[in-house]
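> Could you have a look at this structure, given as structure tokens, before my questions?
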Amino acid sequence: QKEVEQNSGPLSVPEGAIASLNCTYSDRGSQSFFWYRQYSGKSPELIMSIYSNGDKEDGRFTAQLNKASQYVSLLIRDSQPSDSATYLCAVKDYGQNFVFGPGTRLSVLP
Amino acid sequence: DAGVTQSPTHLIKTRGQQVTLRCSPKSGHDTVSWYQQALGQGPQFIFQYYEEEERQRGNFPDRFSGHQFPNYSSELNVNALLLGDSALYLCASSLGTPDNEQFFGPGTRLTVL
Chain A
1 QKEVEQNSGP
11 LSVPEGAIAS
21 LNCTYSDRGS
31 QSFFWYRQYS
41 GKSPELIMSI
51 YSNGDKEDGR
61 FTAQLNKASQ
71 YVSLLIRDSQ
81 PSDSATYLCA
91 VKDYGQNFVF
101 GPGTRLSVLP
Chain B
1001 DAGVTQSPTH
1011 LIKTRGQQVT
1021 LRCSPKSGHD
1031 TVSWYQQALG
1041 QGPQFIFQYY
1051 EEEERQRGNF
1061 PDRFSGHQFP
1071 NYSSELNVNA
1081 LLLGDSALYL
1091 CASSLGTPDN
1101 EQFFGPGTRL
1111 TVL
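Chains as they are written, first to last, in the working numbering: chain A, 1 to 110; chain B, 1001 to 1113.
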């Protein structure tokens, strides 16, 4: 059974701070890793994808991947109240199905 | 460029009934995946369609079936509805390549009474 784990939160950070979201996965054959943001009552929105070890930056977002530790993270710099949402980690192997974690609820306090 | 669309937005059914949900993929995408998302949980993979065939299937019973049409749009059918089938049903489209990214539609909220 392939598993993706995340802390459910809520993770509360003050406005302007760095939010750090973590995800671990069980399948060493996993090849592609994704972070989605989901606002309450809405569908998931793709934020970042990462495929190789190291960091990948896009604006205020940085995804970090460590395949040896089976760990992927998302950093949000200069957090804004509009970043308050549930963040879903998704992992894909050589097959075509994605396995999602349960999500971490982030609350950015003004 | 139209994104992924789904219909209907909301649906209320009673136990034992059957339901059909519809999805049109993002322009240029050929692969459609369906997910079930219960409240407070991450999406659970139901199945994926590519070239009009079911390519992968998650751990869902045969009551869940689907179809993909030549224009890549897709349907999800659920028979003999149970109360536990109440959830947000998400369709995601992608290109059928190894490093594909999936983009989600707005979802269909199904309530089974």
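Positions of the beta carbon are idealized from the N, C-alpha and C atoms, including for glycine. It should be emphasised that the depicted structure is a prediction, and the values quoted were computed from it without experimental measurement.
Could you please give me the residues that DSSP links to residue 1075 of chain B through a beta bridge?
Residue 1075 of chain B sits at position 75 when you count from the first residue of the second sequence. Note: residue 1075 of chain B sits in a beta bridge opposite B:1022 and B:1067.
> For residue 1081 of chain B, does the three-state DSSP call read helix, strand or coil?
For the purposes of this step, residue 1081 of chain B is taken as residue 81 along the second sequence, with counting starting at 1. Of the three classes helix, strand and coil, the one that applies to residue 1081 of chain B here is coil, per DSSP.
> Counting contacts by CB-CB distance shorter than 8 angstroms, is residue 1039 of chain B in contact with chain A?
Along the second sequence, one-based indexing puts residue 1039 of chain B at 39. Not an interface residue.
> Please name the residues in the stretch 1053 to 1076 of chain B whose beta-carbon is closer than 7 angstroms to at least one beta-carbon of chain A, in chain order.
1055, 1056 and 1058
> Let me know the alpha helix (DSSP H) ranges lying completely inside the stretch 35 to 62 of chain A, each 4 residues or longer, listed in chain order.
Counting only runs that start and end inside the stretch 35 to 62 of chain A, there is no alpha helix (DSSP H) element of at least 4 residues.
> Which first and last residues belong to the beta strand (DSSP E) in which residue 77 of chain A is found?
Residue mapping note: residue 77 of chain A aligns to position 77 of the first sequence, counting from 1. Counting along the chain, residue 77 of chain A falls outside any beta strand (DSSP E), and DSSP gives it neither H nor E.
> Tell me where the beta strand (DSSP E) around residue 1004 of chain B begins and ends.
In the second sequence, counting from the first residue as 1, residue 1004 of chain B sits at position 4. That residue, residue 1004 of chain B, is in no beta strand (DSSP E); it is neither H nor E in DSSP.
> Can we say the stretch 55 to 62 of chain A touches the stretch 90 to 106 of chain A, given the rule of at least three CB pairs closer than 8 angstroms?
no
> Taking the beta strand (DSSP E) that residue 1052 of chain B belongs to, which residues open and close that run?
Sequence index remark: in the second sequence, residue 1052 of chain B carries index 52 (1-based). Premise fails: residue 1052 of chain B is in no beta strand (DSSP E) and is neither H nor E.
> Identify which residue in A:72, A:81 and A:78 has its Cα closest to the Cα of residue 88 of chain A.
In the first sequence, counting from the first residue as 1, residue 88 of chain A sits at position 88. Selected option, being the one with the closest Cα: A:72.
> Hey, could you find the ends of the beta strand (DSSP E) residue 14 of chain A is sitting in?
For the purposes of this step, residue 14 of chain A is taken as the residue at position 14 of the first sequence. Where residue 14 of chain A is concerned, the enclosing beta strand (DSSP E) starts and stops at 11 to 14.
> At 8 angstroms on the CB atoms, spell out the chain B contacts of residue 99 of chain A, in chain order.
Here residue 99 of chain A refers to the residue found at position 99 when the first sequence is read from its first residue. Near residue 99 of chain A (Cβ distances below 8 angstroms), the residues of chain B are 1045.
> Please classify residue 34 of chain A as buried or exposed, where buried requires at least 16 neighbouring CB atoms within 10 angstroms.
Reading the first sequence from its first residue, position 34 is the one you call residue 34 of chain A. Answer is buried; the Cβ neighbour count reaches 16.
> Out of B:1100, B:1113 and B:1091, which one is the CA nearest neighbour of residue 1007 of chain B?
By 1-based counting over the second sequence, the position of residue 1007 of chain B is 7. Among B:1100, B:1113 and B:1091, the Cα nearest to that of residue 1007 of chain B is on B:1091.
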